[in-house]
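Before any comments, here is the structure.
Number of protein chains: 2
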Amino acid sequence: MQELDLEIDLEKSLGPWLGKTIKITDYYLHEAFQQHGLDISKEQMIVLGKLNKNDGLNQNEIADLIWRDKSSLARLLAKMERKGYIIKRQHEQDRRVNLVYLTESGREIFRKTRPIIQKAINILEMDLSKSEIKRMIEILKRIQDNFTKELKTL
Amino acid sequence: MQELDLEIDLEKSLGPWLGKTIKITDYYLHEAFQQHGLDISKEQMIVLGKLNKNDGLNQNEIADLIWRDKSSLARLLAKMERKGYIIKRQHEQDRRVNLVYLTESGREIFRKTRPIIQKAINILEMDLSKSEIKRMIEILKRIQDNFTKELKTL
DNA sequence: TAACTATGGTTGCATATGCAACTAATGGAT
DNA sequence: ATCCATTAGTTGCATATGCAACCATAGTTA
Numbered sequence: 092m093q094e095l096d097l098e099i100d101l102e103k104s105l106g107p108w109l110g111k112t113i114k115i116t117d118y119y120l121h122e123a124f125q126q127h128g129l130d131i132s133k134e135q136m137i138v139l140g141k142l143n144k145n146d147g148l149n150q151n152e153i154a155d156l157i158w159r160d161k162s163s164l165a166r167l168l169a170k171m172e173r174k175g176y177i178i179k180r181q182h183e184q185d186r187r188v189n190l191v192y193l194t195e196s197g198r199e200i201f202r203k204t205r206p207i208i209q210k211a212i213n214i215l216e217m218d219l220s221k222s223e224i225k226r227m228i229e230i231l232k233r234i235q236d237n238f239t240k241e242l243k244t245l
Numbered sequence: 092m093q094e095l096d097l098e099i100d101l102e103k104s105l106g107p108w109l110g111k112t113i114k115i116t117d118y119y120l121h122e123a124f125q126q127h128g129l130d131i132s133k134e135q136m137i138v139l140g141k142l143n144k145n146d147g148l149n150q151n152e153i154a155d156l157i158w159r160d161k162s163s164l165a166r167l168l169a170k171m172e173r174k175g176y177i178i179k180r181q182h183e184q185d186r187r188v189n190l191v192y193l194t195e196s197g198r199e200i201f202r203k204t205r206p207i208i209q210k211a212i213n214i215l216e217m218d219l220s221k222s223e224i225k226r227m228i229e230i231l232k233r234i235q236d237n238f239t240k241e242l243k244t245l
């Protein structure tokens, strides 16, 4: 009995379900990109998306936008540059800064990912009404705020 | 205009919010383990949890339970064995199989993670009623099912 | 001007992860 | 008994990630 009381039933908590949902979503995108012959990872696609919306960002700005460490981003960009999707240009005034630009090839591959992304969103929200989606996002935001607050007290 | 029409507003979709929520949850756990001097990662903690509930599983069984590739699990176990949290014993009848057992030290550190996990669950579900949690889990399950179905048609 | 500080980016070291190819062992079929 | 297929686990190669230490440049302060 006491042993049982100590058990935390993780499966009844939200955590693992969130994790598994992300996992299968990622897997779906990975498979779909592959099937369409797109040589790109989800993470790289996200970077292309930010640049597509706002070309010429510097590395730290991109890192912030996608919630990654700047070192992680630097390595992501290195791979993308090798594949010819982006180019880095040194800022003329401040030589510490690299401005990152989409190449034609990068813009092209991002364009090709769009219908796949749209389909993934459709699947994700297939059974949900607009208001349910809004509600879910609100809840997720609130969870994030709660963790942020608790982190400060650690 | 046409350019705008082509834009997908990812931020209004569920995907990135799920991702960010997981990210901050993971970060919280990581920080909390560190602050308590627990030399363990979230992934390792999950493995310990499965073994704590069901000692003597083999590697493939554990991999299935935590939705990881067997190779990923093998490496996780190697680290955990080095730290003395688990031991692997060859199955007596079937020498291909490794049965994995918690050590005392493994059981001990898992015990110490429990209040931290419980707190993380509390934070995660802080603003949610029981029925909302159930509803969220149902939705997440449905999303997973939808992706699973769509994967087959790829 | 020299010294100190802050910033942008890179690199070493570490974690976790998956796929594909591989080894070893098992079990069945001929 | 031998060959074949299956299964459990390992390993090579690749991705992505974060922290901390570092380098180079810029900006500020004495």
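Sequence lines, in order, name chains A and B.
Quick note on this note's numbering: the first sequence kicks off at 92 and runs consecutively.
Quick note on this note's numbering: the second sequence kicks off at 92 and runs consecutively.
Just so it is clear, CB atoms sit at the ideal spot from N, CA and C, and this is done for glycine as well.
Keep in mind it's a predicted model, so treat the numbers as computed, not measured.
Is it the case that the Cβ atoms of residue i and residue j are separated by a distance below 8 Å?
| i | j | result |
| --- | --- | --- |
| B/Y119 | B/A211 | yes |
| B/F201 | B/L139 | yes |
| A/L142 | A/V191 | yes |
| B/L193 | B/K179 | no |
| B/L245 | A/Q126 | yes |
| B/D218 | A/R173 | no |
| A/L109 | B/L109 | yes |
Could you pull the DSSP bridge partners for residue i from this structure?
| i | result |
| --- | --- |
| A/N149 | A/L190 |
| A/R180 | A/L190 |
Have a look at residue i and residue j and give me their C-alpha separation to the nearest angstrom.
| i | j | result |
| --- | --- | --- |
| B/K111 | B/K133 | 17 Å |
| A/L97 | B/D185 | Legend: pLDDT at A/L97 = 46, less than 50; position of this residue unreliable, value from coordinates given subsequently. Taking the straight line joining both Cα atoms gives about 34 Å. |
| B/D146 | A/R166 | 40 Å |
| A/K170 | A/K144 | 20 Å |
| B/K240 | B/E216 | 29 Å |
| A/L231 | A/P107 | 14 Å |
| A/H121 | A/D130 | 10 Å |
| B/Q150 | A/K114 | 20 Å |
| A/I208 | A/K103 | 30 Å |
| A/W158 | B/L148 | 37 Å |
| A/Q93 | B/I177 | Note that A/Q93 has pLDDT 38, beneath the 50 cutoff, so the model's placement of it is unreliable and no number is given. |
| A/L229 | B/G175 | According to the sequence as given, residue 229 of chain A is Glu; it is not Leu. Near 42 Å, if we compare the C-alpha coordinates of B/G175 and A/E229. |
| B/I153 | A/R187 | 47 Å |
So what does DSSP say about residue i, is it helix, strand or coil?
| i | result |
| --- | --- |
| A/M136 | helix |
| B/S104 | coil |
| B/S162 | helix |
| B/L242 | helix |
| A/K144 | helix |
### Query
Does the stretch 221-237 of chain B come close enough to the stretch 195-203 of chain B to have 3 or more Cβ pairs within less than 8 Å?
Output reads no: the stretch 195-203 of chain B does not touch the stretch 221-237 of chain B.
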